[in-house]
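In terms of my numbering, the sequence shown opens at residue 1174 and continues consecutively. Think of the CB as a built atom: it goes at the ideal place given N, C-alpha and C, for glycine as much as any other residue. Values in this document were obtained by computation on a predicted structure and should not be read as measured data.
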Amino acid sequence: MLRELRVRNLAVVDAVTVGFTGGLNVLTGETGAGKSILVDAILLVRGARAQADAIRTGSDVATVEAVFAVPPHSAASALLHEAGLAADENGEVVVRRELTRAGRHRAFLNDSPVSVGLLERLGDQLVEVHGQHEHQRLLEPGHQLILLDRFAEADALRERVAGLVAGYREAGAAAARMRAAARDRAQREDLLRFQVGELDGAGLRPGEEAALRDELRRLEHAERFRAALADVAALLADDPQSAADRLARAARSLADVARLDEAFAAPLEALETARIHVDETLDGVRRLRDRTVHEPGRIDAIHERLDALARLKRKYGESEEAMLAFREAAALELARVERHDELLADQERLLTELAGELRTAADELSQRRRAAADRLAPRVERQLRALGMERAAFAIAVEPGRLEEVSERGLDRVEFRLAATPGEGMRPLARVASGGELSRAMLALKAVLARADGIPTLVFDEVDAGIGARVAAVVGETLAAAAEGRQVLCVTHLAAIAARADHHLHVAKSTRGGRTRVTVETLTDRARLSEVARMLGGVGNGAAAVEHARALLAARGRPSRTARD
């Protein structure tokens, strides 16, 4: 429910705060006073497109804030949770739009910046606005289908059909690709078999190229390596004055004197350790020397292998790992190609099964829609007659299509049809409805659908277009009935509608210092009586208009049975 609306610097509004209650809220005032600006403000907080020229002249920024009460287990609450947000401790959420001259418009939920798309999704759960734009939507078959599904309580079934449609289309596309692939399957099979065979024949090993390049480097510098190793071996052991020989003589000399004095034993241990290190180093040098053996033809063989790896890399990947991964993928595809007929048969069976499930679900949805249409049409017709179209006839056509034409909405094409007067014959609503008839058709539908509609706040702008005083009383009762258990906001110029309100707001416009100023006042008692009298045409609060206004207000609690059918 919308609890409060705060508007600053929007159109001719400088700053205004409006409080709302549950039930029927009406906004009245002279033509041009600014009532529709408040509706525009509500549209902004529910995600409508923002325009910089809507900012009040002389201001750079316009803001609109709306305070909504959000029930804890509602669809709106679930959407907030999904977005990582939540209502405050009072169960309220504050929606704010900021418009700037530079075009940098922003949106906030409880002071957290959000996308306008999220505002629009939230707005769809919180408030529904019916004005001339919504009347045009009523002419769209797609929107008519949505209204019928809402009345039929078919949302879950419709979502199931949409899921089956997605699966059916995906399976159909896969089967089509497989059928198309059958035409060049033999050529593809030959290519895959060649690729797998070539990679298998290459005997690839991860890290082979790096090992070959290391070996090639050793072979290409073998003479230099051998000379260096021979020099090291000579210095360590082979020469008469080698390190090993000198360490041995030094150890013998220390051993002789260590027998005379134990103090000489410590250097002897260090010499023995050095001899061990020299021996270990010598063993390592000799092993390297033994490995550095020139094999005739080995260098050529390495070059050939590296060239072969380079050719494979150009075709299959930049490393042995990449080429082996390519081989695995090719082998899997080859297995699928070899089993193509079997896999295609499986896919065709799946497609048939999904088509059967989709047909069953779509037929069930069609049956529910037809049953709902049979219930909804006479109710709307009765409501239209109560709204002054005494001889109108209303029907809902549900025309099923073929399975090949199925969409996420199912098989059906839905069309609302109206005969405004006898003898015309039923025609699509878009072809027969005048502005006033369209407005009444919308009101009739919303009055009937109100109990099936989970939106907590309904806003009606210009719902009284083209209707007279007698019908206005019924419209007022219809709006009051629609407001039971929810909130309805209505902009009206008719006293009979205003008199039905639970909460009456008066919008006025004045000029001060060359600037226009809009105010909104909650009317009670005498002020409300005076406003209803004004709306009846009572110049200067004429006695007849005042008495008529008093009678309308006194009758507010006694709706007619017709309005509740």
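Three-way DSSP call (helix, strand, coil) for residue i in this model
i: S1232; result: coil
i: H1246; result: coil
i: E1720; result: helix
i: D1322; result: helix
i: E1675; result: The sequence given here places Asp at residue 1675; Glu does not occur at that position. In this structure, D1675 counts as coil in the three-state DSSP scheme.
i: D1284; result: coil
i: F1499; result: helix
i: G1188; result: Correcting the residue type first, residue 1188 is Ala in the shown sequence and not Gly. Looking at A1188 - three-state DSSP - the assignment turns out to be strand.
i: H1666; result: coil
i: R1476; result: Here the sequence assigns His to residue 1476, which means Arg is not the residue at that position. Helix at H1476.
i: R1685; result: strand
i: T1204; result: coil
i: Q1224; result: coil
i: L1178; result: strand
i: A1239; result: strand
i: T1533; result: helix
i: A1566; result: strand
i: T1695; result: strand
i: L1272; result: strand
i: R1690; result: strand
Residue environment, residue i, which counts as buried when at least 16 other CB atoms sit within 10 Å
i: V1430; result: exposed
i: H1677; result: buried
i: F1241; result: buried
i: T1201; result: buried
i: S1612; result: buried
i: A1508; result: exposed
i: G1296; result: buried
i: F1193; result: buried
i: R1582; result: buried
i: E1477; result: exposed
i: Q1360; result: exposed
i: H1721; result: buried
Any C-beta of chain C under 9 Å from that of residue i
i: A1645; result: Considering every chain present, this structure includes no chain C. It has just one protein chain.
Supposed contact pair residue j and residue i - C-beta distance, whole angstroms, cut 8 Å
i: L1320; j: L1618; result: 6 Å
i: A1674; j: V1199; result: 4 Å
i: G1207; j: V1191; result: The pair is not a contact, with the Cβ atoms about 11 Å apart (cut-off 8 Å).
i: G1649; j: I1628; result: Contact doesn't hold; Cβ gap of about 21 Å is too wide.
i: G1574; j: R1586; result: 6 Å
i: E1588; j: P1314; result: 6 Å
i: E1301; j: L1652; result: About 14 Å separates the two Cβ atoms, so there is no contact after all.
i: V1243; j: L1253; result: 7 Å
Distance cut-off 8 Å: residue i Cβ against heavy atoms of the ligand COA
i: R1270; result: Because no ligand of any kind appears in the structure shown, any question about the ligand COA cannot be addressed here.
Legend entry - contact_flag[the segment 1337-1355, the segment 1511-1529] where n(CB pairs < 8 Å) is 3 or more: These segments touch.
Legend entry - Entirely enclosed alpha helix (DSSP H) segments - the segment 1570-1644, minimum 4 residues: 1602-1605, 1608-1622, all fully within the segment 1570-1644.
Legend entry - Completely contained beta strand (DSSP E) runs for the segment 1385-1454, where each covers 3 or more residues: As far as the segment 1385-1454 is concerned, it has no whole beta strand (DSSP E) run of at least 3 residues.
Legend entry - Inter-stretch contact (C-beta, 8 Å, three-pair minimum) for the segment 1418-1434 and the segment 1481-1498: Taking 8 Å as the limit for Cβ pairs, the verdict is that the segment 1481-1498 does not touch the segment 1418-1434.
Legend entry - Segment contact flag, the segment 1544-1554 with the segment 1523-1534, C-beta cutoff 8 Å, min 3 pairs: As far as the Cβ criterion goes, the segment 1544-1554 does not touch the segment 1523-1534, which means the pair count is below three.
Legend entry - the segment 1212-1228 / the segment 1677-1694 touching (three or more Cβ pairs under 8 Å): Too few Cβ pairs lie closer than 8 Å, so no.
Inset, instruction - Determine contact between the segment 1328-1339 and the segment 1289-1302, defined as no fewer than three beta-carbon pairs at a distance below 8 Å. - result: Segments in contact, no.
Legend entry - Cβ contact (3+ pairs, closer than 8 Å) linking the segment 1649-1667 and the segment 1622-1637: Because the criterion of three Cβ pairs below 8 Å is met, the segment 1649-1667 and the segment 1622-1637 touch.
Legend entry - Meets three-Cβ-pair contact criterion under 8 Å: the segment 1231-1239 and the segment 1179-1198: Yes, the segment 1231-1239 touches the segment 1179-1198.
Inset, instruction - Please determine if the segment 1496-1508 and the segment 1382-1393 are in contact, where contact requires at least 3 C-beta pairs separated by less than 8 Å. - result: Contact between the segment 1496-1508 and the segment 1382-1393 is not established, with fewer than three Cβ pairs separated by less than 8 Å.
Legend entry - Any 3 or more C-beta pairs closer than 8 Å across the segment 1563-1570 and the segment 1586-1602: The segment 1586-1602 and the segment 1563-1570 touch, with three or more beta-carbon pairs separated by less than 8 Å.
Inset, instruction - Give a yes or no on contact between the segment 1246-1258 and the segment 1268-1285, applying the rule of three or more CB pairs nearer than 8 Å. - result: Touching, per the Cβ criterion.
Legend entry - Touching by the beta-carbon criterion (3+ pairs, under 8 Å), the segment 1444-1457 and the segment 1412-1426: Because the criterion of three Cβ pairs below 8 Å is met, the segment 1444-1457 and the segment 1412-1426 touch.
Inset, instruction - Flag this pair as touching only if the segment 1405-1421 and the segment 1478-1486 have three or more C-beta atom pairs under 8 Å; answer yes or no. - result: Counting C-beta pairs with one atom in each stretch, the segment 1405-1421 and the segment 1478-1486 have fewer than three that are closer than 8 Å, which means they do not touch.
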